[in-house]
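If you want my numbering, it's the position in the sequence shown, counting the first as 1, plus 494. Even glycine gets a Cβ: it sits at the ideal position worked out from N, Cα and C. Just so it is clear, the structure is predicted and the values come from calculations on it, not from any experiment. Take a look at the structure below.
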Amino acid sequence: MRLDGGCLCGNIRYSIDSLPIDAGFCHCKVCQRSSGAPVVAWLTIPFAGFSYTGGTIGVYASSKDFQREFCSCCGTQIAFRAKSQPKSIDITLCSLDDSSQVAPQYHIWCQSSVNWLHVNDDLPQFMDSGPDGP
Ligand SMILES: [Zn+2]
Ligand SMILES: [Zn+2]
495 MRLDGGCLCG NIRYSIDSLP IDAGFCHCKV CQRSSGAPVV AWLTIPFAGF SYTGGTIGVY
555 ASSKDFQREF CSCCGTQIAF RAKSQPKSID ITLCSLDDSS QVAPQYHIWC QSSVNWLHVN
615 DDLPQFMDSG PDGP
C-alpha cells in the first residue's frame, strides 16, 4: 500500500510504503494543544515503511519519551514518535493527500474529551491509551 502526504505549505512531503497498523482518534490534551483542535486522527504505520521525501522537519520533544514532528515553515503537525515504540510511527491522518483511504477504528484518551464534542459513531472509546497504547 502506497500513501503520500505532506504539510499545508508543500515544504514537507512524505511517503508510506507499507500496510497501516491501525488508525484512531486521540482526544488527549497534548494533541489538542499541539493542533488547536478537539481531536486528532492518527495513522500508525511501521517505521520502516515511512520516509520523508522533501522539506525541513522541525522536532519538538513533548516529553522525554515522546516527540512531535512538524513542518518548520507552516507548522503542520506530521508525526508522533514514542521512544518506547521505535518500530512504529504515528502520522496525522489528515496530512495524507487522500485521507479517506484509511478510517479510524477507535477513540483514545476520552477522559480529556471536550464536553461540547459529542461522538456518536459506534467505535470503541477508551478513557486512557487503550489496549495498544504505550
Ligand atoms: Zn509546511
Ligand atoms: Zn493524543
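Inter-residue CB distance, residue i and residue j (contact presumed, cutoff 8 Å)
i	j	result
Arg575	Ile585	Wrong, their Cβ atoms sit about 10 Å apart, outside the cutoff.
Gln595	Leu513	Contact flag wrong, Cβ pair sits at about 12 Å.
Ala535	Phe519	5 Å
Own chain partners of residue i with C-beta closer than 8 Å, once the 5 adjacent residues on each side are dropped
i	result
Ser606	His521, Cys522, Lys523, Gln526
Ser623	Ile602, Trp603
Ile580	At residue 580 the sequence reads Pro, which differs from the Ile that was named. Excluding residues within five positions, the ones whose Cβ falls inside 8 Å are Phe541.
Exposure of residue i, with buried meaning 16 or more beta-carbon neighbours within 10 Å
i	result
Cys568	exposed
Leu502	exposed
Ser589	buried
Gly548	exposed
Val533	buried
Ala573	buried
His601	buried
Own chain residues within Cβ distance below 6 Å of residue i, not counting five before or after
i	result
Thr538	Ile515, Asp516, Ser582, Asp584
Met621	Cys604, Gln605
Gly552	Phe564, Ser566
Gly499	Tyr508, Ser589, Leu590, Asp591
Minimum C-alpha distance to residue i - residue among the options
i	options	result
Leu617	Gly624, Gln599, Pro532, Arg562	Gln599
Arg507	Phe544, Ser578, Pro625, His601	Phe544
Ser531	Asp615, Val608, His601, Ile510	The sequence given here places Ala at residue 531; Ser does not occur at that position. Checking every option, the nearest Cα to that of Ala531 belongs to Val608.
Pro540	Asp511, Gly504, Ala555	Asp511
Neighbourhood of residue i by C-beta distance below 7 Å, restricted to the same chain and skipping five residues each side
i	result
Gln571	Ser528, Ser529, Arg562, Phe564, Thr586
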